[in-house]
Amino acid sequence: MAPNSGFAMLLRSPWWVSFAIAGAIVLACAALLPAHLVPFAAAGALPIAVIGCIAAWRQWRAPSRARVDAARAAAAAMPWRDFAALLTRAWTAEGHAVEPLAPASQPADLRLLRRGDAEQSVLIAARRYKAASHGLEPLRALHAQVQRLGAQAGTYVVLQGSVSDAARQFAAAHALTILEGPALDALLLAG
Numbered sequence: 001m002a003p004n005s006g007f008a009m010l011l012r013s014p015w016w017v018s019f020a021i022a023g024a025i026v027l028a029c030a031a032l033l034p035a036h037l038v039p040f041a042a043a044g045a046l047p048i049a050v051i052g053c054i055a056a057w058r059q060w061r062a063p064s065r066a067r068v069d070a071a072r073a074a075a076a077a078m079p080w081r082d083f084a085a086l087l088t089r090a091w092t093a094e095g096h097a098v099e100p101l102a103p104a105s106q107p108a109d110l111r112l113l114r115r116g117d118a119e120q121s122v123l124i125a126a127r128r129y130k131a132a133s134h135g136l137e138p139l140r141a142l143h144a145q146v147q148r149l150g151a152q153a154g155t156y157v158v159l160q161g162s163v164s165d166a167a168r169q170f171a172a173a174h175a176l177t178i179l180e181g182p183a184l185d186a187l188l189l190a191g
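Going by full-length UniProt numbering, the residue at position 9 of the sequence shown is 9; the numbering climbs one at a time, nothing skipped.
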């Protein structure tokens with residue numbers, strides 16, 4: 001589904017928005033069409049109502065903002081070893097193998113092995129998770145290590161601070177993932 005399609009926007013909106021739109025369509029059909037056509041025309045609101053049900057289900061299952069904030073605060077207070085253990089537990093729970101990389105002077109800290117049709121190796125740079133700003137140099141170093149070790153991808157973890165536009169552009173151009181925001185929140189809650 002296209003990220004800016006009507007259905008995608010409704011999935012990101014509060015659940016009641018879809019039901020309000022579906023209700024407005026049904027009311028408009030009842031007001032503007034002959035009585036024998038209303039049920040058929042109003043059926044056009046059914047896909048929007050289904051999207052409302054899906055959005056309600058997702059929002060009901062989503063963690064509360066307080067729970068996410070507590071997980072982020074706990075992670076921000078953790079020393080590096082505990083944070084690495086948290087990430088390892090979360091990825092292991094998803095069925096991936098996680099190996100620590102040595103020495104600590106390397107840009108990547110962990111190697112994530114994704115099992116599937118073909119095993120994928122992803123290098124994870126997470127040690128700078130508390131940095132106030134994330135620039136281009138750590139991503140360049142991660143990309144160089146990904147190429148040197150023959151990994152398929154690299155991931156840079158950002159818990160706090162901001163990522164510069166140049167770093168985001170470099171990551172996009174070199175198939176590096178910046179793990180932050182809701183994706184990182186889900187991982188923290190899973191660990």
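From the three backbone atoms N, C-alpha and C, an ideal C-beta is built for every residue, glycine too. All figures in this text were calculated on a predicted structure; none of them were measured in a lab.
Annotation: Gly44 is outside any beta strand (DSSP E) and is labelled neither H nor E by DSSP. The C-alpha of Arg115 is placed about 17 Å away from the C-alpha of Leu87. The beta carbons of Ala126 and Gly154 sit about 11 Å from each other, so the pair does not count as a contact at 8 Å. Judged by DSSP in its simplified three-state form, Ser13 adopts coil rather than helix or strand. Contact between Val157 and Tyr129 is confirmed by a C-beta separation of about 5 Å, below the 8 Å threshold.
Look at Glu99 here: in three-state DSSP terms it is strand. Per the Cβ contact rule, the segment 53-73 is not in contact with the segment 96-111 (fewer than 3 Cβ pairs under 8 Å). Under DSSP, Tyr156 forms a beta bridge with Ala125, Ile178. If you look at Arg114, you'll find it in the beta strand (DSSP E) that goes 110-114. Residues of the same chain with a CB within less than 7 Å of the CB of Thr92, apart from the 5 flanking positions on each side, are Val98 in chain order. For the pair Gln145 and Ala84, the CB atoms are not nearer than the 8 Å cut-off. Residue Phe170 holds the alpha-carbon nearest to the alpha-carbon of Pro138 among Phe170, Ala31, Glu119. Distance from the CA atom of Ala8 to the CA atom of Ile54, rounded to whole angstroms, is 11 Å. In the three-state reduction of the DSSP assignment, Gln147 falls in the helix class, which pools H, G and I.
Sorting Gln160, Ser121, Pro39, Pro63 by C-alpha distance to the C-alpha of Ala77 places Gln160 at the top. Given a length threshold of 4 residues, each whole run of the alpha helix (DSSP H) inside the segment 31-87 is given here in chain order: 38-42, 46-61, 65-77. Collapsing the DSSP output to three states places Gln106 in coil. Here the alpha carbon of His134 sits roughly 12 Å from the alpha carbon of Leu179. Taking the C-beta atoms as reference points, Ala49 is found no nearer than 8 Å to Ser13. Counting only residues of its own chain and dropping the five nearest sequence neighbours on each side, Ala172 has no CB closer than 6 Å to any other CB.
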